[in-house]
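J.: If you use my numbering, the sequence shown corresponds to residues 89 to 629, in order. For each residue, glycine too, the CB sits at the ideal point set by N, CA and C. Source: prediction; values computed, not measured. Got a structure for you, written out below as structure tokens; questions coming shortly.
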Amino acid sequence: MSAPAPSPLAIVDAEPLPRQEEVLSETALAFVAALHRRFTPRRDELLARRAERRAEIARTSTLDFLPETAAIRADDSWQVAPAPPALEDRRVEITGPTDRKMTINALNSGAKVWLADFEDASAPTWENVVTGQLSLIDAYTRSIDFTDERTGKTYALRPDEELATVVMRPRGWHLDERHLTDADGTPVPGALVDFGLYFFHNANRLLDLGKGPYFYLPKTESHLEARLWNDVFVFAQDYLGIPQGTVRATVLIETITAAYEMEEILYELRDHASGLNAGRWDYLFSIVKNFRDGGPRFVLPDRNAVTMTAPFMRAYTELLVRTCHKRGAHAIGGMAAFIPSRRDQEVNKVAFEKVKADKDREANDGFDGSWVAHPDLVPIAMESFDRVLGDRPNQKDRLREDVDVKAEDLIAIDSLDARPTYAGLVNAVQVGIRYIEAWLRGLGAVAIFNLMEDAATAEISRSQIWQWINAGVVLDNGERVTAELARKVAAEELADIRAEVGEEAFAAGNWQQAHDLLLKVALDEDYADFLTLPAYEQLKG
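Okay, structure coming up:
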């Protein structure tokens, strides 16, 4: 291991946490500092490049596969590295934040993989950032347990062979960690903090357990961003003296620009790649964000009307499967976000049927696995993939050579026969306010109306309000969507919440703050790239 470098990072504006010295040790912070010095300047350049590309999309209202990388797409000889044994079978993956209870429940869930989430399912309070790392360290050393103070119920890990394999998701490139700064006062990117602390503390430990440091990479917008991650992995493995290729990364294809660079993304990460994932809600958010001024043909209908059978969504997912299997990578399907009701079995029956149909479709399309948000959905998804896979760990041999997706197919939004509705506007406001309020309390994964919502669903909610206003959309009831209508619906929702939760709970919450923030990011003429950027400025802790 390299000697710790000088100029250590400073922890600023953060209350000391129990056991934080185990995570924020001098050697660990030296490693994060080394990552920061070496890679943050390139991160900054790539964020600037995102803005340039978005300006080009605003000018042309189109996207295409990159001519400068055509040779990579045409070269049939290259493949990604073979999957390690722990990632051969990924037929069901459960997602969730890294609090102690969730850590135990997810590892015990029966899923093959747990996406341990420091990103959209976690509000980045300093406590969540540090204690989430402790949860994973304690899980690998089997020193984790949890007792629910309210119910007295205790939680403990099952035997090692029954536990899910962990694939950790750090924050996206756009988010900084304000509590960790260098000597100049510059904050370290959250991605490098999350990755660095996890890798430093757990890489060798995971190798001893027969697994390795595996990652999900979020919000990637180009193959150049994938190249940056690959360089981070090479540097990190050298720093700890770990064999090159030990890291494995699955990239979420959850931006419209990344959908045009799937092969190039796999190529850049080929020694460390293990697959791509269809992150459906962020993908819709990205379409709205990038084509928000592209006119009526890019207007998305109600979020819940955009199913995975929509032609442009079929193009996206089928291209993903074909691309992955052509290159020997896993194709992982989208999220089943339903949260079972303990009171209404009829709601469960209908929802379970929809989940089953969704997972059956993915398995039949060639996906090698899929996501669920709740342990009760693991058996449903497992059954869908078991039926197709049998004893095989995956179906990467299904090359889907029948798939032929053209550039225009991915942005054929007007191929969907659905229009925005008043109920859809109300739902966007409801989800937006309720999610943001919980996020400001430090919760990133929130059950709202029997769905597990995270930052991606709040992003699509506020983006659709913005888009419908700026496109002058007329709803099914004849009303035009205006800022005034959005304010009226938001005021009514705030009054309904006050009546629902009671005056005391309303006053104790962040409801007015959440209402105001939603309207700011939904109504401002200057569209905020990410809701979490202004929200982070208001996040306590």
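Evaluate Pro277 with the Cβ neighbour count: other Cβ atoms within 10 Å of its Cβ, from every protein chain shown; 16 or more gives buried, anything less gives exposed.
T.: Pro277 comes out buried.
J.: I'd like the ranges of any beta strand (DSSP E) spanning at least 3 consecutive residues and lying wholly in the segment 313-396.
T.: Here the runs fully enclosed are 336-341 and 361-366.
J.: How many Å lie between Met350 and Glu591 at the Cα?
T.: Using only the alpha carbons, I get a separation of about 50 angstroms.
J.: Should Gln552 go down as buried or exposed, given a rule of 16 or more other Cβ atoms within 10 Å for buried?
T.: The residue in question, Gln552, is buried, as its Cβ has 16 or more Cβ neighbours within 10 Å.
J.: Among the residues of its own chain, which have a CB less than 6 angstroms from the CB of Phe473, if the five just before and after it don't count?
T.: Here the set comprises Arg179 and Ala451.
J.: I think Leu364 touches Leu408, with their Cβ atoms under 8 angstroms apart; what is that distance to the nearest whole Å?
T.: At roughly 6 angstroms, the Cβ-Cβ gap stays under 8 angstroms, so Leu364 and Leu408 are in contact.
J.: What are the residues that DSSP puts in a beta bridge with Ala535?
T.: DSSP lists Met540 as partners of Ala535.
J.: To the nearest angstrom, how far is the alpha carbon of Asp359 from that of Val335?
T.: The straight-line gap from Cα to Cα measures roughly 9 angstroms.
J.: Ala252 and Trp317 - do their beta-carbons sit closer together than 8 angstroms?
T.: It is not a contact, given that the beta carbons lie outside the stated cut-off.
J.: With distances taken from CA atoms, which of Asp448, Asn196 and Leu563 is nearest Met470?
T.: Cα-wise, what sits closest to Met470 is Asp448.
J.: Would you call Asn482 buried or exposed, if buried means 16 or more other Cβ atoms sit within 10 Å of its Cβ?
T.: Result: buried.
J.: Among the candidates Tyr286, Ser310, Trp556 and Asp233, whose CA atom is the shortest distance from the CA of Leu135?
T.: It is Ser310 whose Cα lies nearest to the Cα of Leu135.
J.: Give the straight-line distance between the Cα atoms of Thr128 and Val120, rounded to the nearest whole angstrom.
T.: Their backbone Cα atoms lie some 11 angstroms apart in a straight line.
J.: Please state the DSSP three-state secondary structure of Ile499.
T.: Ile499 falls in the helix class under three-state DSSP.
J.: Give me, in chain order, the residues of the same chain whose beta-carbon lies closer than 7 angstroms to that of Met540; leave out the 5 immediate sequence neighbours on both sides.
T.: Around Met540: Ala425, Ile427, Ala461, His462 and Ala533.
J.: Can you tell me whether Arg568 is helix, strand or coil according to DSSP?
T.: DSSP places Arg568 in strand when its eight states are reduced to three.
J.: Using 10 angstroms around the beta-carbon of Asn598, count the other beta-carbons present and answer buried if the total reaches 16, otherwise exposed.
T.: Answer is buried; the Cβ neighbour count reaches 16.
J.: Which word fits Trp527, buried or exposed, when buried means at least 16 other C-beta atoms lie within 10 angstroms of its C-beta?
T.: By the 10 Å Cβ count, Trp527 comes out buried.
J.: Since Arg130 is in the alpha helix (DSSP H), which residue starts that stretch and which ends it?
T.: Its alpha helix (DSSP H) spans residues Glu114 to Thr148.
J.: Should Ala139 go down as buried or exposed, given a rule of 16 or more other Cβ atoms within 10 Å for buried?
T.: Flag for Ala139 reads exposed.
J.: Does the distance from the CB of Thr570 to the CB of Ile557 come in under 8 angstroms?
T.: Their beta carbons are under 8 angstroms apart, which means Thr570 touches Ile557 by this criterion.
J.: Distance, Cα to Cα, Leu487 vs Ala419?
T.: The alpha-carbon atoms of Leu487 and Ala419 are separated by roughly 11 angstroms.
J.: Whole-angstrom Cβ separation of Ala578 and Leu606, contact assumed at under 8 angstroms?
T.: Indeed they touch by this definition, with Cβ atoms about 7 angstroms apart.
J.: Determine the closest residue to Pro258 out of Thr239, Asp282, Leu268 and Lys377, with distance taken between C-alpha atoms.
T.: Closest option to Pro258, Cα to Cα, is Asp282.
J.: Just verifying my parser: in three-state terms, what is the DSSP assignment at Ala199?
T.: Of the three classes helix, strand and coil, the one that applies to Ala199 here is coil, per DSSP.
J.: Cβ atoms of Thr183 and Gly220: under 8 angstroms apart, would you say?
T.: It is not a contact, given that the beta carbons lie outside the stated cut-off.
J.: Give the straight-line distance between the Cα atoms of Arg142 and Asp132, rounded to the nearest whole angstrom.
T.: About 16 angstroms.
J.: Under the three-state reduction of DSSP, which class applies to Pro92: helix, strand or coil?
T.: Model confidence at Pro92 stands at a pLDDT of 48, short of 50, so the residue's coordinates are unreliable and nothing is read from them.
J.: How far does the beta strand (DSSP E) with Leu305 in it extend, from its first residue to its last?
T.: First-last of the beta strand (DSSP E) with Leu305: Tyr302 to Leu305.
J.: Rounded to whole angstroms, what's the CA-CA distance from Gln555 to Asp446? Just pull it up for me.
T.: For Gln555 and Asp446, the distance between alpha carbons rounds to 28 angstroms.
J.: Pop quiz: Gly260 and Ala279 are said to be a contact at Cβ under 8 angstroms. What is the actual Cβ separation, rounded to whole angstroms?
T.: 6 angstroms between Cβ atoms; contact.
J.: Cutting at 6 angstroms between CB atoms, please list the residues of its own chain near Ile145, excluding the five before and the five after it.
T.: Here the set comprises Asn378.
J.: Pick out whichever of Ile468, Pro212 and Ser165 has its Cα sitting closest to the Cα of Asn436.
T.: Here the closest residue by C-alpha is Ile468.
J.: For Ile344, I'd like the list of residues in its chain whose CB is within less than 6 angstroms of its CB, leaving aside the five on either flank, ordered along the chain.
T.: Answer for Ile344: Ser374, Ile375 and Asn378, listed in chain order.
J.: Using the Cβ count rule (16 or more neighbours within 10 Å means buried), how would you classify Leu621?
T.: Exposed, since its Cβ has fewer than 16 Cβ neighbours within 10 Å.
J.: To the nearest angstrom, how far is the alpha carbon of Leu117 from that of Lys189?
T.: So the two alpha carbons sit approximately 27 angstroms from each other.
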